[in-house]
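Here the structure is laid out as structure tokens; the discussion comes afterwards.
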Amino acid sequence: MQFTITQAQFGQRPPVVKPAPEVLKFLGEEKMRQIISEHYDLLRQSNIKGLFPPTDEGFELAKKHSADFFIQICGGPDYFNQSRGAPMMAGRHAAFKITPEARMIWLESYIIVLSSVDMPDDLKQSFWNYLDIFSIWMVNTPQD
């Protein structure tokens, strides 16, 4: 499968299409949480580790919130809304300096994780397409 990263102008917000609900049906909540956990573990070792909580407790809570979000966005229970309220992810990330480079690191870390996930390519593509465009929305700082 090709993991294509869409190039975007700063401030651009292309339409986002949620992943197919079959992604979560195929993976199940446990596997989805594992994917998010592995992704975060890579980010904790990356050049953008400063965007994440420094304590183990805070980091694990961030993983949980992220997994809750992705479970919900893939058609699962509204865990994120129950614990954090409406997602409004661009607003939640406004306090963090997210550059195009940070976006690339975030996406490249997902490529590493998703490359080893045993999932049909059409489902993997659906999830990837969401990550790719969703990540454009999170960029809030032009490149330094």
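For any residue, its number in our numbering is found by taking its place in the sequence shown, counting from 1, and adding 7. For every residue, glycine included, the Cβ atom is placed at its ideal position computed from N, Cα and C.
Given that a residue counts as buried once 16 or more other Cβ atoms are within 10 Å of its Cβ, and exposed if not, what is D75? Label assigned to D75: buried.
Sorted by chain position, which residues of the same chain lie with C-beta nearer than 7 Å to I43's C-beta, five sequence neighbours on each side aside? The beta carbon of I43 sits closer than 7 Å to the beta carbons of K70, S73, A74 and F77 from its chain, once the five residues preceding and following it are set aside; these are given in chain order.
Counting along the chain, where does the alpha helix (DSSP H) carrying N54 start and finish? Neither: N54 is in no alpha helix (DSSP H) and is coded neither H nor E.
Buried or exposed: I143, going by 16 or more other Cβ atoms within 10 Å of its Cβ? Result: buried.
For F103 versus L58, is the C-beta spacing smaller than 8 Å? Annotated as proximal: F103 and L58, with beta-carbon spacing under 8 Å.
Rounded C-alpha distance that separates P26 from Q9: Rounded to the nearest angstrom, the two C-alpha atoms are 17 Å apart.
Is the stretch 132-143 touching the stretch 16-36, taking contact as three or more C-beta pairs under 8 Å? In short, these stretches touch, since the Cβ pair count reaches three.
Pairwise C-alpha distance: C81 and M126: If you take the alpha carbons of M126 and C81, they lie about 15 Å apart.
Same chain, Cβ closer than 8 Å to E45, neighbours up to 5 away in sequence not counted: Excluding residues within five positions, the ones whose Cβ falls inside 8 Å are V120.
Between the CA atoms of M95 and P21 - distance to the nearest angstrom: One Cα belongs to P21, the other to M95, and the distance between them is close to 16 Å.
If we ignore side chains and look at the alpha-carbon of each, how far apart do Q41 and P84 end up? When rounded, the distance between both Cα atoms is 17 Å.
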